[in-house]
Amino acid sequence: MSVLSGLSGPADLRDLDEDELSRLAAEIRELLITSVASNGGHLGPNLGVVELGIAIHRVFESPADRVVWDTGHQAYVHKMLTGRAGQFGALRTEGGLSGYPSRAESEHDWVENSHASTSLSYADGMAKANHLLGKPDHVVAVIGDGALTGGMAWEALNNIAADKDRRLVVIVNDNGRSYTPTVGGLANRLTDIRTNPRYEPALNAIKDRLTHTRFGGAKAYEALHAIKKGVKDALAPQGMFEDLGLKYIGPVDGHDRETLEHALSQAKRFGGPVLVHVLTTKGQGYDIAVANENDQMHQANPFDRETGEAVNVAPAGWTSVFRDEIVRIADERPDVVGITAAMLYPVGLDAFADKFPDRVFDVGIAEQHAVTSAAGLAMGGLHPVVAVYATFINRAFDQVLLDVALHKCGVTFVLDRAGVTGDDGASHNGMWDMSLLQIVPGLRLAAPRDGSQLRELLREAVDVDDAPTVVRFAKGAVSENLPAIERVGTYDVLSRDAAQDVLVVAVGVFGHMGIEVADLLRAAGHGVTVVDPRWVKPVDPALAALAGHFDLVVTLEDNGRQGGVGAAYTQAVRDAGIDTPIQVHGVAQEFLDHAKRNVILGRLGLTAEAVAGDTLAALARNTPAG
Numbered sequence: 037m038s039v040l041s042g043l044s045g046p047a048d049l050r051d052l053d054e055d056e057l058s059r060l061a062a063e064i065r066e067l068l069i070t071s072v073a074s075n076g077g078h079l080g081p082n083l084g085v086v087e088l089g090i091a092i093h094r095v096f097e098s099p100a101d102r103v104v105w106d107t108g109h110q111a112y113v114h115k116m117l118t119g120r121a122g123q124f125g126a127l128r129t130e131g132g133l134s135g136y137p138s139r140a141e142s143e144h145d146w147v148e149n150s151h152a153s154t155s156l157s158y159a160d161g162m163a164k165a166n167h168l169l170g171k172p173d174h175v176v177a178v179i180g181d182g183a184l185t186g187g188m189a190w191e192a193l194n195n196i197a198a199d200k201d202r203r204l205v206v207i208v209n210d211n212g213r214s215y216t217p218t219v220g221g222l223a224n225r226l227t228d229i230r231t232n233p234r235y236e237p238a239l240n241a242i243k244d245r246l247t248h249t250r251f252g253g254a255k256a257y258e259a260l261h262a263i264k265k266g267v268k269d270a271l272a273p274q275g276m277f278e279d280l281g282l283k284y285i286g287p288v289d290g291h292d293r294e295t296l297e298h299a300l301s302q303a304k305r306f307g308g309p310v311l312v313h314v315l316t317t318k319g320q321g322y323d324i325a326v327a328n329e330n331d332q333m334h335q336a337n338p339f340d341r342e343t344g345e346a347v348n349v350a351p352a353g354w355t356s357v358f359r360d361e362i363v364r365i366a367d368e369r370p371d372v373v374g375i376t377a378a379m380l381y382p383v384g385l386d387a388f389a390d391k392f393p394d395r396v397f398d399v400g401i402a403e404q405h406a407v408t409s410a411a412g413l414a415m416g417g418l419h420p421v422v423a424v425y426a427t428f429i430n431r432a433f434d435q436v437l438l439d440v441a442l443h444k445c446g447v448t449f450v451l452d453r454a455g456v457t458g459d460d461g462a463s464h465n466g467m468w469d470m471s472l473l474q475i476v477p478g479l480r481l482a483a484p485r486d487g488s489q490l491r492e493l494l495r496e497a498v499d500v501d502d503a504p505t506v507v508r509f510a511k512g513a514v515s516e517n518l519p520a521i522e523r524v525g526t527y528d529v530l531s532r533d534a535a536q537d538v539l540v541v542a543v544g545v546f547g548h549m550g551i552e553v554a555d556l557l558r559a560a561g562h563g564v565t566v567v568d569p570r571w572v573k574p575v576d577p578a579l580a581a582l583a584g585h586f587d588l589v590v591t592l593e594d595n596g597r598q599g600g601v602g603a604a605y606t607q608a609v610r611d612a613g614i615d616t617p618i619q620v621h622g623v624a625q626e627f628l629d630h631a632k633r634n635v636i637l638g639r640l641g642l643t644a645e646a647v648a649g650d651t652l653a654a655l656a657r658n659t660p661a662g
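In the working numbering, the protein residues as written are 37 to 662.
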């Protein structure tokens, strides 16, 4: 019987001997590789925290001691150790384990945030609550060096350090990377440790002292502090943390479980906020992942474990179209610059950065700063293109509104992974952007239906220099080109019948669905016109007026129904004095469980068959009885 399969929960870890713990680490890595090779998921981050996860759950008593994982993509090990190892065959599949912590799955999962730099704020609040309620429990926050580039993390540290009595342990999982190598001043300071030739002797000295230290509390910290001072000139990151008033332990070898347990035990006994600096290697134990230069298999599609190669080569995606076109634009426009928030490769700015390294800025996991910095670039005479996932623009809405739009700055936002994305769960669906951005004065929003339109609309967007523009597109394979039969104003006519029963306004990737809906309605004897707005904000007055020629209007969008394109179009039609009935089809305003995109869309009624059925029912209701 394997060690891992014999665990019912983290308490069982404390009964294991050294041989069993070594076997456990090996079994966890094997299950990680096997599961992600089959279903896809975050491999590199989890391989890097195997020993750390074991140490945390041997030293602390979850769930009484609350463990919060920043971002959550490295919590697979935590899931295995809290009784879910047997479910990993269904990782990231409908009805199976989520790829992030999930409160519905386990009492050991406190936060299912999956957005970076938030763990310390959650932990700060939890520790305050424990203190006020007189609870002796600890809160443990695990945050990566990449997430420390986010402003929220430092706002939280400022508060954490101010209260000396709260039992809060911050573990900095320092692997030098977010998706790609971490950037910025903090990263440079931490890199000094990993590259300093005196690092190994210093680490051994700390390990030796920890091994022989049998007393706890403040005296234990003083022993560690003495070692740290002895190597301060060589290893100096503790200064920035101690200046805040945080106790600092480290650096600690994140793949030496025994040393980790000693360090965490000392931090636990201290009784106040302590920061433990742990050095890990992303992909540890799987050479193919460690050697992957792009992202060390941060997030992998199903792959052959012997080679690391993807099982199926994905067709050209939306991101690749953007990647190619932005380089062409940059060749022609020396004023165009790029900004990314620690996601150079995922959002497709890597080719731009390779060709023009001085014109692409990776600001770290700091979307708010990225947007306001873009405003400054625009004020300075450049045209910035800010590329982020659609779900992450939510974090910088205030900056889009008041730092960019208020100042009429020519900034283009490119939103990747827009709409329902599926496997990564509720927080990664890009279903909020077109609703949030509708209320931003002056902002112009485009939703291309295919690769050709993405190229065209991106060029139109960067030509605007007096207002923010947005181009949003979906995750995965790019849609087959869908040519228009006519352009009227800013919108395209995709299909038209002489009879004017139904007008289908199909937004972005739902253009193909609009054609399918039209075919089904025609088969039922109705005349249909299908249009693609292209620019969904502002609503083209000609498109609003068009509604007056039809018996029924149907809108389709890969976005939340409330406040989205359909709602804005309905308002524009009513403002034009037109009372044609309008059916708005979009994503239900709810947090969606992880599943394949097509499964979720089917569940939401966002299929051609479902929409056509609803439309026929509406036409029947609106037809006077003969």
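We put the CB at the ideal spot given by N, CA and C, even for glycine.
I'd like the span of the beta strand (DSSP E) that includes residue i, first residue to last.
{"i": "residue 420", "result": "419-425"}
{"i": "residue 593", "result": "588-596"}
{"i": "residue 622", "result": "618-623"}
{"i": "residue 207", "result": "204-210"}
{"i": "residue 134", "result": "Run containing residue 134: none; DSSP gives neither H nor E here."}
{"i": "residue 565", "result": "564-568"}
{"i": "residue 555", "result": "Element bounds for residue 555: not the beta strand (DSSP E) but the alpha helix (DSSP H), 547-559."}
{"i": "residue 193", "result": "It is not in any beta strand (DSSP E) - residue 193 instead sits in the alpha helix (DSSP H) that spans 187-196."}
{"i": "residue 161", "result": "Counting along the chain, residue 161 falls outside any beta strand (DSSP E), though it belongs to the alpha helix (DSSP H) covering 155-168."}
Apart from the five residues on each side of it in sequence, which residues of its chain come closer than 6 angstroms, Cβ to Cβ, to residue i?
{"i": "residue 457", "result": "464, 465, 511"}
{"i": "residue 114", "result": "89"}
{"i": "residue 47", "result": "none"}
{"i": "residue 311", "result": "206, 277, 282, 284"}
{"i": "residue 687", "result": "Nothing about residue 687 can be read from this structure; the chain reaches only from 37 to 662."}
{"i": "residue 650", "result": "none"}
Between the options, which has its C-alpha nearest residue i's C-alpha?
{"i": "residue 155", "options": "128, 499, 209, 133", "result": "209"}
{"i": "residue 508", "options": "515, 517, 481, 495", "result": "481"}
{"i": "residue 177", "options": "164, 204, 171", "result": "204"}
{"i": "residue 538", "options": "647, 455, 350", "result": "647"}
{"i": "residue 295", "options": "310, 314, 136", "result": "314"}
{"i": "residue 100", "options": "446, 172, 211", "result": "172"}
{"i": "residue 303", "options": "355, 96, 163, 346", "result": "96"}
{"i": "residue 593", "options": "541, 128, 562", "result": "541"}
{"i": "residue 117", "options": "106, 360, 318, 86", "result": "86"}
{"i": "residue 112", "options": "182, 76, 397", "result": "76"}
{"i": "residue 343", "options": "324, 180, 334, 309", "result": "324"}
{"i": "residue 78", "options": "332, 175, 180", "result": "332"}
{"i": "residue 301", "options": "570, 91, 189", "result": "91"}
{"i": "residue 484", "options": "460, 545, 417", "result": "545"}
{"i": "residue 573", "options": "476, 625, 659", "result": "476"}
{"i": "residue 136", "options": "460, 335, 126, 620", "result": "460"}
{"i": "residue 347", "options": "73, 652, 624", "result": "73"}
{"i": "residue 654", "options": "635, 616, 624", "result": "616"}
{"i": "residue 189", "options": "413, 157, 122, 161", "result": "157"}
{"i": "residue 183", "options": "164, 107, 143", "result": "107"}
Can you tell me the Cβ-Cβ gap for residue i and residue j, rounded? I've got them flagged as a contact below 8 angstroms.
{"i": "residue 471", "j": "residue 598", "result": "6 angstroms"}
{"i": "residue 553", "j": "residue 644", "result": "5 angstroms"}
{"i": "residue 134", "j": "residue 630", "result": "6 angstroms"}
{"i": "residue 514", "j": "residue 487", "result": "4 angstroms"}
{"i": "residue 589", "j": "residue 551", "result": "Contact doesn't hold; Cβ gap of about 16 angstroms is too wide."}
With a CB to CB cut of under 8 angstroms and the five nearest residues on each side skipped, what residues in its chain are close to residue i?
{"i": "residue 38", "result": "59, 63"}
{"i": "residue 411", "result": "435, 439, 440, 443, 445, 447"}
{"i": "residue 745", "result": "As displayed, the chain neither begins before 37 nor continues past 662, which places residue 745 out of reach and without an answer."}
{"i": "residue 396", "result": "373, 374, 375, 376, 380, 385, 388, 389"}
{"i": "residue 580", "result": "605, 608, 609, 611, 612, 614"}
Could you give the residue range of the alpha helix (DSSP H) that holds residue i?
{"i": "residue 650", "result": "644-658"}
{"i": "residue 495", "result": "487-498"}
{"i": "residue 640", "result": "No alpha helix (DSSP H) holds residue 640; DSSP gives it neither H nor E."}
{"i": "residue 523", "result": "Residue 523 -> not in any alpha helix (DSSP H); beta strand (DSSP E) instead, spanning 522-524."}
{"i": "residue 296", "result": "293-306"}
{"i": "residue 326", "result": "323-327"}
{"i": "residue 599", "result": "Unbroken run through residue 599: none, as it is neither H nor E."}
Which residues in the same chain have their Cβ closer than 7 angstroms to the Cβ of residue i, if we skip the five residues on either side of it in sequence?
{"i": "residue 167", "result": "201, 202"}
{"i": "residue 45", "result": "118, 119"}
{"i": "residue 502", "result": "444, 446"}
{"i": "residue 53", "result": "none"}
Taking 6 angstroms as the cut-off, does the CB of residue i come closer than this to any heavy atom belonging to the ligand ATP?
{"i": "residue 67", "result": "Summarising the ligand content, the structure contains no ligands, and the ligand ATP is consequently not present."}
- Message: List, from N- to C-terminal side, the beta strand (DSSP E) runs of 3 residues or more that fit wholly inside the region 59-106.
- Response: 102-105
- Message: Give the list of continuous beta strand (DSSP E) stretches no shorter than 3 residues that lie fully inside the region 382-467.
- Response: 396-398, 419-425, 448-452
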